[in-house]
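Counting from 4, one number per residue, gives the positions in the sequence shown under the numbering used here.
Written out below as structure tokens is the structure these notes cover.
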Amino acid sequence: MTATLVIFNARVLTMDPDRPEAGAVALSGDRVAALGDEALAMAGPECRRIDARGATVLPGFIESHLHLFMGGSELVHLHLLGVEGPEALTKAIRDFAAAHPERGVIVGQSCDYGIYDGRALTRHDLDAILPDRPVCLLAADHHTAWANTMALEMSGILHGGPVGPGNEIVMQNGMATGELREFEAKAPVLRLAGEHRIMSGIATGRDPVPAPTQAEMMADLPAMERGLRHCARHGFTSLVNMDGNRYTLEVLDHLRRAGRLTARVRVPMHFRNDHDLSELETASALSAQYNDDWLASGFVKMFMDGVVDSGTAVMLQDYPDRPGWRGEPLHDADRFADICIAADRRGLQIAVHAIGDGAVRRVLDGYEAARQANGARDARHRIEHIELIDRADIPRMAALGVVASVQPSHPPGALDFPLFPTLDKIGRARWRDAYLTRSLRDAGARIVFASDWPVADVNPLRSIQAAVTRAPYDGAQDETVSLREALAAYTIGGAYAEHTDDRKGILRPGYLADVVILSGDIEAVPPDRISSLQVVTTICGGRVVWDAQGMG
Numbered sequence: 004m005t006a007t008l009v010i011f012n013a014r015v016l017t018m019d020p021d022r023p024e025a026g027a028v029a030l031s032g033d034r035v036a037a038l039g040d041e042a043l044a045m046a047g048p049e050c051r052r053i054d055a056r057g058a059t060v061l062p063g064f065i066e067s068h069l070h071l072f073m074g075g076s077e078l079v080h081l082h083l084l085g086v087e088g089p090e091a092l093t094k095a096i097r098d099f100a101a102a103h104p105e106r107g108v109i110v111g112q113s114c115d116y117g118i119y120d121g122r123a124l125t126r127h128d129l130d131a132i133l134p135d136r137p138v139c140l141l142a143a144d145h146h147t148a149w150a151n152t153m154a155l156e157m158s159g160i161l162h163g164g165p166v167g168p169g170n171e172i173v174m175q176n177g178m179a180t181g182e183l184r185e186f187e188a189k190a191p192v193l194r195l196a197g198e199h200r201i202m203s204g205i206a207t208g209r210d211p212v213p214a215p216t217q218a219e220m221m222a223d224l225p226a227m228e229r230g231l232r233h234c235a236r237h238g239f240t241s242l243v244n245m246d247g248n249r250y251t252l253e254v255l256d257h258l259r260r261a262g263r264l265t266a267r268v269r270v271p272m273h274f275r276n277d278h279d280l281s282e283l284e285t286a287s288a289l290s291a292q293y294n295d296d297w298l299a300s301g302f303v304k305m306f307m308d309g310v311v312d313s314g315t316a317v318m319l320q321d322y323p324d325r326p327g328w329r330g331e332p333l334h335d336a337d338r339f340a341d342i343c344i345a346a347d348r349r350g351l352q353i354a355v356h357a358i359g360d361g362a363v364r365r366v367l368d369g370y371e372a373a374r375q376a377n378g379a380r381d382a383r384h385r386i387e388h389i390e391l392i393d394r395a396d397i398p399r400m401a402a403l404g405v406v407a408s409v410q411p412s413h414p415p416g417a418l419d420f421p422l423f424p425t426l427d428k429i430g431r432a433r434w435r436d437a438y439l440t441r442s443l444r445d446a447g448a449r450i451v452f453a454s455d456w457p458v459a460d461v462n463p464l465r466s467i468q469a470a471v472t473r474a475p476y477d478g479a480q481d482e483t484v485s486l487r488e489a490l491a492a493y494t495i496g497g498a499y500a501e502h503t504d505d506r507k508g509i510l511r512p513g514y515l516a517d518v519v520i521l522s523g524d525i526e527a528v529p530p531d532r533i534s535s536l537q538v539v540t541t542i543c544g545g546r547v548v549w550d551a552q553g554m555g
């Protein structure tokens, strides 16, 4: 066998316990062919050679939880991360509006909950900044938005409107204040921005209505390609999308057939609380149609709660600032158990957003009900986020074989999110039960890492640095992991979570040729400098899809 590409002079961290390290890796077509001296011997005259210059080479990173379509769309929005205070916010919005007169709606991302002198925005605040164009600012977590009067009026919700459990158009004296909590509340305003097709996978879980025309799909393609390109430059060769419908898969399939798909993508059916059990047939149909190594479905995604900062995460105890309030679950316990039983019986994997400890417990109860009804199987059902968990529920994660999908960039103070108001909303007495990466791992739960992009920066090197350096909260134990553990959570851990660990996530002959080359030796740099490294080259299926020198 002759190699098509050989990477040499490298510090290859294979993630393979049988051969953890090597100095070279050879690829032949879309598969790993050899490692070490054998790899060097396979380099024929037509073989491309890449000198890693002593840098780390890894299996391609696996982003286990992101929103690809939405993230690609938002790359061209107004970005407010780090913007604080009325003056800075006013300048940011007005400058962006002046630079983009063609935008029907000014949409901003990563707006802090306390951006306006430490308090939440109102429509009147935004009216004072830009009264004559609709404005909608989304929190970094995407669970809350703030809109001005024009946006609320044009979308028909200035005087309120119907929303389901866990969603709220905040009202005062019969008028919307401008704060919109959760996806149903935000949807009318975001529809104004013309992104309802892109958002349909998370907003409704159903396909856009009316069905998109070919021209409309072509108009949506650039957003998906921006997202793919952004992920490729950060070393990702596999992406697990965490919202979805048939339309999302059709857009990706169009790019695949055109040779423009630069990563392997899994897309679920988003099963919402207003769906009938019979609609799981759609999830089964998508799983049968899309089931190869480039584009696959195979699972359903659900939300059990919202987020801590807006008070929509479901807790076992009262919120410290709202006596008697614990959040509202998006699924009744018995109904959720029925969904889990039905989905599990179909052989579908289940992934559920659960941030509060009350939501986590309800999800575990549903998974346990499925196991009791259908029998144990290697389902690898998942819980997404787990920002708070009751100590009694930690052993249940491993006992039920549940994958803990956590985001190192999310703990307040670890990366871009401030310590407060989140920690105040959790309450000091519960800090020891928050963001328990190491505790979950030590209890035997399978851990995978992700960013939840565009909620947080997709860059895995920043997340890895956060995972190995995060300072403990007062009264809490150290929840950091080792560097090798963090790398595993972004490679073989991600492959395990998607049932592909028999062919990716490690560099081993016969496995898929998904490789990332960094700009330096990740084990030689200080832990607090890991994010100074960059991805030099990303290879997916044996093809270079990103090259820092401009080749990808």
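Each residue gets a CB set at the ideal place from its N, CA and C atoms; glycine is no exception.
Here the structure is a predicted model, which is why all the values come from computation and not from measurement.
Mind checking A340: buried by the 16 CB within 10 Å criterion, or exposed? Within the sequence shown, numbered from 1, the residue matching residue 340 stands at position 337. Around the beta carbon of A340, a 10 Å sphere encloses 16 or more other beta carbons of the protein chains shown; the residue is thus reported as buried.
Beta strand (DSSP E) runs wholly inside the stretch 15-96, at least 3 long, in chain order: Counting whole runs of 3 or more residues, the stretch 15-96 contains the beta strand (DSSP E) stretches 28-31, 34-38, 51-54, 59-62 and 64-69.
Note down, one range per segment and in chain order, each beta strand (DSSP E) of at least 3 residues found wholly within the stretch 421-453. List check, beta strand (DSSP E) in window: 449-452.
From the DSSP output, which residues share a beta bridge with M272? Indexing the sequence shown from 1 puts residue 272 at position 269. Partner(s): V303.
H257 in three-state terms, based on DSSP: What you label residue 257 is simply residue 254 of the sequence shown in a count that begins at 1. In the structure shown, H257 adopts helical secondary structure according to DSSP, grouped into three states.
In this structure, does DSSP put D335 in helix, strand or coil? As a position in the sequence shown, residue 335 is number 332, starting the count at 1. In this structure, D335 counts as coil in the three-state DSSP scheme.
Using 8 Å as the Cβ pair cut-off and three pairs as the minimum, do the stretch 248-259 and the stretch 287-301 touch? Yes, since at least three Cβ pairs between the stretch 248-259 and the stretch 287-301 fall closer than 8 Å, the two stretches touch.
Count the other C-beta atoms from every protein chain shown that fall within 10 angstroms of the C-beta of M245, then say buried if there are 16 or more, exposed otherwise. Position 242 of the sequence shown, counted from the first residue, corresponds to residue 245. That one is buried.
State buried or exposed for M554, treating a residue as buried only when at least 16 other CB atoms are found within 10 Å of its CB. Locating residue 554 in the sequence shown gives position 551, counting from the first residue. Summary for M554: the model assigns pLDDT 44, below 50, so the residue's position carries little reliability; its value from the coordinates is reported in the next sentence. It is exposed - the Cβ of M554 has fewer than 16 other Cβ atoms within 10 Å.
With distances taken Cα to Cα, identify the nearest neighbour of Y250 among R275, T207 and S281. Here residue 250 is taken as the residue at index 247 of the sequence shown, counted from 1. For the options R275, T207 and S281, the alpha carbon positioned closest to that of Y250 is the one of T207.
Please report how far the alpha carbon of L536 lies from the alpha carbon of V192, in whole angstroms. For the purposes of this step, residue 536 is taken as residue 533 along the sequence shown, with counting starting at 1. For the purposes of this step, residue 192 is taken as residue 189 along the sequence shown, with counting starting at 1. Cα-Cα distance, rounded: 39 Å.
How would you write the range of the beta strand (DSSP E) that H388 sits in, first residue to last? The residue given as residue 388 occupies position 385 in the sequence shown. Taken as a continuous stretch (DSSP letters only), the beta strand (DSSP E) holding H388 covers R385 to H388.
In three-state DSSP terms, what is T7? If you number the sequence shown from 1, residue 7 lands on position 4. DSSP, read as helix, strand or coil, puts T7 in coil.
Check whether the stretch 77-85 touches the stretch 27-36, counting contact only when three or more Cβ pairs, one atom from each stretch, lie closer than 8 Å. The answer is no - the stretch 27-36 does not touch the stretch 77-85, with fewer than three Cβ pairs under 8 Å.
Would you identify the three-state DSSP class for G555, choosing helix, strand or coil? As a working mapping, residue 555 is identified with position 552 in the sequence shown. For G555, the predicted structure reports a pLDDT of 41, less than 50, and the residue's modelled location is therefore unreliable. A value from the coordinates is still provided. It is coil, neither helix nor strand.
Tell me, to the nearest whole angstrom, how far the beta carbon of I205 is from that of A179; I am working on the premise that it is less than 8 Å. By one-based count along the sequence shown, residue 205 stands at place 202. By one-based count along the sequence shown, residue 179 stands at place 176. Not really, about 22 Å apart at Cβ, beyond 8 Å.
Is G447 close to chain B? Criterion is C-beta to C-beta, closer than 9 Å. The structure shown contains no chain B; it holds only a single protein chain.
Taking DSSP as the reference, what is the three-state secondary structure of I353? Counted from its first residue, the sequence shown places residue 353 at position 350. If DSSP states are grouped into helix, strand and coil, I353 belongs with the strands.
The stretch 149-168 contacting the stretch 109-126, beta-carbon criterion three pairs below 8 Å: Segment contact: the stretch 149-168 against the stretch 109-126, three or more CB-CB distances shorter than 8 Å; contact assigned.
Quick one: what does DSSP say S535 is sitting in, helix, strand or coil? Counting from 1 along the sequence shown, the entry for residue 535 is found at position 532. Taken through DSSP and simplified to helix, strand or coil, S535 comes out as helix.
Opposite W149 in the DSSP bridges: which residues? Stepping through the sequence shown from its first residue, residue 149 is reached at position 146. Per DSSP, L140 and E182.
Who are L298's beta bridge partners in DSSP? Counting from one through the sequence shown, the residue named residue 298 turns up at place 295. L298 is bridged to V268.
Output the residue ranges of the beta strand (DSSP E) runs that lie fully inside the stretch 488-532 and measure 3 residues or longer, sorted by chain position. The beta strand (DSSP E) runs lying completely inside the stretch 488-532 and spanning 3 residues or more are 518-521, given in chain order.
Short of 7 Å in beta carbon distance, which residues of its chain neighbour D54, apart from the five on each side in sequence? Order them along the chain. One-based indexing of the sequence shown puts residue 54 at position 51. Cβ-Cβ distances below 7 Å link D54 to F11 and N12 in the same chain, with the five nearest sequence neighbours on each side left out; the list follows chain order.
What three-state label does DSSP hand I344 in the structure shown? Sequence index remark: in the sequence shown, residue 344 carries index 341 (1-based). Of the three classes helix, strand and coil, the one that applies to I344 here is helix, per DSSP.
For V1 versus M307, is the C-beta distance shorter than 9 Å? This structure leaves residue 1 out entirely; the chain is present only between 4 and 555.
For R194, which of helix, strand or coil comes out of DSSP? Working through the sequence shown from its first residue, we reach residue 194 at position 191. Residue state, collapsed to three classes: helix.
7 Å Cβ shell around L195 - same chain, five flanking residues per side excluded: In the sequence shown, the residue the question calls residue 195 occupies position 192. Excluding positions up to five away in sequence, the list reads G107, V108, P137, A154, M157 and S158.
Close Cβ partners of A305 (< 6 Å) along its chain, the five nearest in sequence each way excluded: Translated into positions along the sequence shown, residue 305 becomes position 302. It is Met, not Ala, that sits at residue 305 in the sequence shown. Excluding sequence neighbours, M305 sits near F274 and V355.
Do you know offhand how far A407's Cα is from T216's? Your numbering for residue 407 matches position 404 in the sequence shown. Your numbering for residue 216 matches position 213 in the sequence shown. Roughly 39 Å separates the two Cα atoms.
Between the alpha carbons of C2 and H237, how many angstroms are there, rounded? The requested residue 2 does not occur in the structure, where the chain is confined to residues 4 to 555.
For R267, count neighbouring C-beta atoms within 10 Å of its own C-beta (all shown protein chains included) and say buried if the count is 16 or more, exposed if not. The residue you call residue 267 lines up with position 264 of the sequence shown. Looking at its Cβ environment, which holds 16 or more other Cβ atoms inside 10 Å, R267 is buried.
Do A346 and A373 come within 9 Å of each other at the CB atom, strictly closer than that value? Here residue 373 is taken as the residue at index 370 of the sequence shown, counted from 1. Here residue 346 is taken as the residue at index 343 of the sequence shown, counted from 1. It is a contact, given that the beta carbons lie within the stated cut-off.
With distances taken between CB atoms, is the gap from I520 to L490 smaller than 9 Å? Walking along the sequence shown from the start, residue 520 turns up at place 517. Walking along the sequence shown from the start, residue 490 turns up at place 487. Taking 9 Å as the Cβ cut-off, I520 and L490 do not qualify as a contacting pair.
Contact the stretch 491-502 vs the stretch 57-70: 3+ CB pairs below 8 Å: Yes, they touch.
Is D550 helix, strand or coil by DSSP? In the sequence shown, counting from the first residue as 1, residue 550 sits at position 547. DSSP places D550 within a strand segment (E or B) once states are collapsed to three.
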